[in-house]
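Undergrad: There's a structure below that I have some questions on.
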Amino acid sequence: MRMLVAVVEEGSFTGAARRENATQSGVSQHIQKLEDRFGVRLIEREPGGARPTPAGDRLYSRCVHVLRGASEAEEEMRGFGRGLDGEAAIGLMSALTRCVLGPTLRGFMQVHPNASIRIAEAVSDQLIERVSASALDAAVVPTIDPVGPLDGRALPSVPEMFVSRVDRTQDHMIPIDLRTVRPLRLVMPPKDNLRTRRVLAHLALQGAEIDDVLELDSMFGAFDFVANSDYVALIPAIMVLPEIRDASLCVRPLAGPPLTLDLMAIQPRRRSLSPVASAFLAALERQLQFDAVAWRP
Numbered sequence: 007m008r009m010l011v012a013v014v015e016e017g018s019f020t021g022a023a024r025r026e027n028a029t030q031s032g033v034s035q036h037i038q039k040l041e042d043r044f045g046v047r048l049i050e051r052e053p054g055g056a057r058p059t060p061a062g063d064r065l066y067s068r069c070v071h072v073l074r075g076a077s078e079a080e081e082e083m084r085g086f087g088r089g090l091d092g093e094a095a096i097g098l099m100s101a102l103t104r105c106v107l108g109p110t111l112r113g114f115m116q117v118h119p120n121a122s123i124r125i126a127e128a129v130s131d132q133l134i135e136r137v138s139a140s141a142l143d144a145a146v147v148p149t150i151d152p153v154g155p156l157d158g159r160a161l162p163s164v165p166e167m168f169v170s171r172v173d174r175t176q177d178h179m180i181p182i183d184l185r186t187v188r189p190l191r192l193v194m195p196p197k198d199n200l201r202t203r204r205v206l207a208h209l210a211l212q213g214a215e216i217d218d219v220l221e222l223d224s225m226f227g228a229f230d231f232v233a234n235s236d237y238v239a240l241i242p243a244i245m246v247l248p249e250i251r252d253a254s255l256c257v258r259p260l261a262g263p264p265l266t267l268d269l270m271a272i273q274p275r276r277r278s279l280s281p282v283a284s285a286f287l288a289a290l291e292r293q294l295q296f297d298a299v300a301w302r303p
């Protein structure tokens with residue numbers, strides 16, 4: 007079952023062999039045994055890849071449910087023999103690592119001292135790829151339509167905030183209409199970034215005229231550049247919690263239709279989350295809900 011699932015999700019025998027630490031011929035033999043057993047072709051071998059037949063696609067769906075059920079049963083039985091320990095690899099965007107990760111991790115470690123969390127920070131596209139390949143147990147990314155090997159669940163949304171240097175402190179936390187900002191010079195992550203694409207699409211829809219976009223693939227670099235120039239940035243509220251509280255930068259909500267960073271936790275469809283991973287994501291969700299007090303009116 008694992009071999010069939012791997013071939014379908016990777017789209018090739020080579021990728022499946024790499025994922026399952028097997029040889030390509032070994033994977034092919036497993037698939038051949040399944041086809042012989044059921045008397046039907048399950049995988050169409052094609053130059054450079056493989057795709058499931060209708061029968062293979064149906065069996066893939068069944069196998070995913072069986073493998074996930076087996077994984078859940080295994081984790082449940084382990085829970086009877088010990089407390090919450092083990093480790094989990096979680097991927098986070100930089101928007102979540104500046105202010106939210108620290109208190110979440112400290113609180114989690116106090117409650118579960120025997121558990122180990124490994125955090126990987128990367129852009130959302132990379133996190134999606136790593137979860138799909140089972141290199142990470144789960145990740146938090148902007149909301150996507152989970153397809154193929156992924157499942158996802160929604161987490162609290164976070165508003166995007168207008169951030170500029172401190173010129174008029176009386177404007178701090180006063181809503182601003184971006185259509186009235188001229189010139190509008192933005193510091194943004196590269197345009198192939200999922201969040202950047204969504205922000206620019208929203209601004210275009212609202213009729214905001216952008217005079218220049220400086221692509222800067224560093225959130226901390228963006229903070230320094232904004233603090234010392236007439237460029238501004240749109241930054242998720244969870245990244246500017248200190249600035250919201252101490253007004254060291256001018257942080258303002260956006261007037262008009264809301265622009266939010268909608269978050270979701272993604273995981274491989276074929277496998278249940280371990281108790282450690284589930285507990286950490288639950289702690290992260292609680293921290294997001296707690297921090298929301300800072301930016302609510």
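For the sequence shown, my numbering assigns the number 7 to the initial residue and increments by one for each residue that follows. Heads up, the beta-carbon is just placed ideally off N, CA and C, and yes, glycines get one too. Computed from a predicted model, the values in this text were never measured in an experiment.
Just verifying my parser: in three-state terms, what is the DSSP assignment at residue 20?
TA: helix
Undergrad: Which class does residue 242 belong to by DSSP, given the choice of helix, strand or coil?
TA: Secondary structure of residue 242 (DSSP, three-state): strand.
Undergrad: Count Cβ pairs between the stretch 102-112 and the stretch 282-300 that sit closer than 8 Å; are there 3 or more?
TA: yes
Undergrad: In whole angstroms, give me the CA-to-CA distance for residue 9 and residue 69.
TA: 10 Å
Undergrad: Are the CB atoms of residue 155 and residue 130 within a distance shorter than 8 Å?
TA: no
Undergrad: Buried or exposed for residue 194, going by 16 or more other Cβ atoms inside 10 Å?
TA: buried
Undergrad: Would you call residue 36 buried or exposed, if buried means 16 or more other Cβ atoms sit within 10 Å of its Cβ?
TA: Label assigned to residue 36: buried.
Undergrad: Among 153, 235 and 297, which residue has its Cα nearest to the Cα of residue 273?
TA: Checking every option, the nearest Cα to that of residue 273 belongs to 153.
Undergrad: In terms of DSSP beta bridges, what is residue 69 paired with?
TA: BP columns for residue 69 are empty, so no partner.
Undergrad: DSSP on residue 255, reduced to helix/strand/coil?
TA: coil
Undergrad: With a CB to CB cut of under 6 Å and the five nearest residues on each side skipped, what residues in its chain are close to residue 17?
TA: 55
Undergrad: By alpha-carbon positions, which one of 178, 281, 214 and 21 ends up nearest to residue 190?
TA: 214
Undergrad: DSSP three-state label for residue 144, please.
TA: strand
Undergrad: How is residue 210 classed by DSSP in three states: helix, strand or coil?
TA: helix
Undergrad: Mind checking who residue 55 pairs with in its DSSP beta bridge?
TA: 52
Undergrad: Relative to the C-alpha of residue 269, which candidate in 134, 39, 49 and 19 has its C-alpha closest?
TA: 134
Undergrad: Helix, strand or coil, according to DSSP, for residue 80 in the structure here?
TA: Residue 80 carries a helical assignment under DSSP once its states are collapsed to helix, strand and coil.
Undergrad: Taking contact to mean at least 3 C-beta pairs separated by less than 8 Å, is the stretch 201-213 in contact with the stretch 274-290?
TA: The stretch 201-213 makes no contact with the stretch 274-290; the number of CB pairs closer than 8 Å stays below 3.
Undergrad: Could you pull out every residue in the same chain whose Cβ sits closer than 6 Å to the Cβ of residue 12, ignoring the five residues on either side in sequence?
TA: 22, 25 and 26
Undergrad: Nearest-angstrom Cα distance between residue 256 and residue 171?
TA: Take the alpha-carbon of residue 256 and the one of residue 171: they are about 6 Å apart.
Undergrad: For residue 216, which of helix, strand or coil comes out of DSSP?
TA: Coil at residue 216, not helix or strand.
Undergrad: Going by the beta-carbon positions, is the gap between residue 182 and residue 240 smaller than 8 Å?
TA: no
Undergrad: To the nearest angstrom, report how far apart residue 99 and residue 176 are at their CA atoms.
TA: 32 Å
Undergrad: If we ignore side chains and look at the alpha-carbon of each, how far apart do residue 216 and residue 201 end up?
TA: Rounded to whole angstroms, the gap between the alpha carbons of residue 216 and residue 201 is 17 Å.
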